[in-house]
Amino acid sequence: MQAPPRSEGEQDYAIRHWRPQDAWYKPAVCAFVVELSRFTMNRLNRLSFEGRERWEEAFSQPDVGVLSFSNHVSLFDDPLLISNLGQTRYRDVRWIPADHQNFFGSWLKGAFFSCGKCVPIIRGGGLAQPGFEFLLSRLRDGDWVHIFPEGGRTREPDARLRTPFKTGVGRLLVEAMPVAMPFYHRGMGELLPIGSRLPRWGNQVKVRFGHPTRIDQRWVEGLEGAAEGASSRWQAATAWAQAQLCELETTALS
Numbered sequence: 081m082q083a084p085p086r087s088e089g090e091q092d093y094a095i096r097h098w099r100p101q102d103a104w105y106k107p108a109v110c111a112f113v114v115e116l117s118r119f120t121m122n123r124l125n126r127l128s129f130e131g132r133e134r135w136e137e138a139f140s141q142p143d144v145g146v147l148s149f150s151n152h153v154s155l156f157d158d159p160l161l162i163s164n165l166g167q168t169r170y171r172d173v174r175w176i177p178a179d180h181q182n183f184f185g186s187w188l189k190g191a192f193f194s195c196g197k198c199v200p201i202i203r204g205g206g207l208a209q210p211g212f213e214f215l216l217s218r219l220r221d222g223d224w225v226h227i228f229p230e231g232g233r234t235r236e237p238d239a240r241l242r243t244p245f246k247t248g249v250g251r252l253l254v255e256a257m258p259v260a261m262p263f264y265h266r267g268m269g270e271l272l273p274i275g276s277r278l279p280r281w282g283n284q285v286k287v288r289f290g291h292p293t294r295i296d297q298r299w300v301e302g303l304e305g306a307a308e309g310a311s312s313r314w315q316a317a318t319a320w321a322q323a324q325l326c327e328l329e330t331t332a333l334s
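Position 111 of the sequence shown, counted from 1, bears residue number 191 in my numbering, the numbering being contiguous throughout.
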């Protein structure tokens with residue numbers, strides 16, 4: 081297996097097809113995908129929410145970034161599911177990390193997924209890589225970022241959470257101090273099973289929202305198990321995020 085690019089030059093080359101700059105066509109492409117996703121989830125399938133008011137509350141603080149995080153079951157949890165949660169104006173659409181090889185491996189892929197505000201992440205490239213720094217800056221500037229902290233789709237029985245979570249979610253929480261918004265969903269595994277490229281119809285998908293948490297310095301200092309040093313705080317924040325989703329999963333399965 082080829083080692084992931086680690087030097088600054090290697091990483092810049094690996095994500096050369098990423099186009100984060102504004103372009104006139106991006107909102108139109110994104111709007112088309114959003115409408116197609118909403119049609120798939122609401123017309124061809126059934127989508128229900130529990131605690132939607134808590135989701136709206138997370139976005140009620142102006143100029144404060146929102147970091148939503150959830151379990152990852154199917155290839156198209158985003159955009160199929162996320163498109164039904166979020167904002168309609170392009171500037172308010174979420175940013176989301178995406179594997180640089182699968183989503184930015186060619187000029188055409190890079191152009192398309194850049195329209196959807198996807199950000200290339202190099203697996204094994206560390207937490208100081210360009211895409212991750214970009215996500216951090218977006219949160220600090222008050223944008224919405226969604227992340228799948230499992231680091232990939234679960235292969236666990238009954239689509240249970242894959243643990244432990246990746247430390248990236250902890251770094252975003254500690255360094256950006258956003259509003260943290262967890263949610264857990266069931267049913268995407270039947271709608272788009274592993275190995276499928278096209279969604280099925282007639283399925284029920286349920287989304288259960290947790291409670292929004294405003295991250296601040298006091299919250300960081302009070303993290304259980306956090307010692308001195310950034311890495312320790314990131315790990316403690318990651319453990320907190322994992323506990324939030326595990327609790328939602330337990331409730332959803334009970």
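Think of the CB as a built atom: it goes at the ideal place given N, C-alpha and C, for glycine as much as any other residue. As the structure is a computational prediction, the values presented were derived from the model and not from experiment.
- Run of the alpha helix (DSSP H) containing TYR93, from where it starts to where it stops: Here the question's residue 93 lines up with position 13 in the sequence shown. Residues 88-94.
- Task: Specify whether the stretch 185-193 and the stretch 163-170 touch according to this definition: at least 3 beta carbon pairs, one from each stretch, less than 8 Å apart.
- Result: Between the stretch 185-193 and the stretch 163-170 there are fewer than three C-beta pairs closer than 8 Å, too few to call the two in contact.
- Message: Quick check on the DSSP output: what are the complete beta strand (DSSP E) runs of length 3 or more inside the stretch 220-257, in order along the chain?
- Response: DSSP runs (the beta strand (DSSP E)) wholly in the stretch 220-257: 224-227.
- Please confirm whether VAL146 and VAL259 have their CB atoms less than 8 Å apart. Here residue 146 is taken as the residue at index 66 of the sequence shown, counted from 1. Here residue 259 is taken as the residue at index 179 of the sequence shown, counted from 1. Result yes, Cβ atoms of VAL146 and VAL259 sit closer than 8 Å.
- Counting Cβ pairs closer than 8 Å, one from the stretch 218-231 and one from the stretch 145-160, do we hit at least three? At 8 Å Cβ cutoff, the stretches touch.
- Query: Would you call the stretch 248-264 and the stretch 287-298 in contact, with 3 or more CB pairs under 8 Å?
  - Reply: Look at the beta carbons and you see the stretch 248-264 touching the stretch 287-298: at least three pairs across the two are nearer than 8 Å.
- If I'm right that GLY250 touches TRP299 with Cβ under 8 Å, what's the distance once you round it to whole angstroms? Within the sequence shown, the letter at position 170 stands for residue 250. Within the sequence shown, the letter at position 219 stands for residue 299. About 12 Å separates the CB atoms of GLY250 and TRP299; that is not less than 8 Å, and the two are not in contact.
- Query: When burial is assigned at 16 or more other CB atoms within 10 Å of the CB, is PRO279 buried or exposed?
  - Reply: Position 199 of the sequence shown, counted from the start, is the residue given in the question as residue 279. That one is buried.
- Pull up the distance between the alpha-carbon of ALA307 and that of PHE112, whole angstroms please. Against the sequence shown, residue 307 aligns to sequence position 227. Against the sequence shown, residue 112 aligns to sequence position 32. Their Cα atoms are separated by approximately 47 Å.
- Which residues DSSP lists as bridging PRO177, in chain order: Along the sequence shown, one-based indexing puts residue 177 at 97. The partner list for PRO177 (beta bridge, DSSP) reads VAL199.
- Message: Below 8 Å on the Cβ atoms is my contact criterion, and I expect LEU418 with LEU219 to pass it. Report the Cβ-Cβ distance as a whole number of Å.
- Response: For residue 418 there is no data in the structure shown, the boundaries of the chain being 81 and 334.
- Do you know offhand how far GLY196's Cα is from TRP175's? Counted from its first residue, the sequence shown places residue 196 at position 116. Counted from its first residue, the sequence shown places residue 175 at position 95. Computed Cα separation, rounded: 8 Å.
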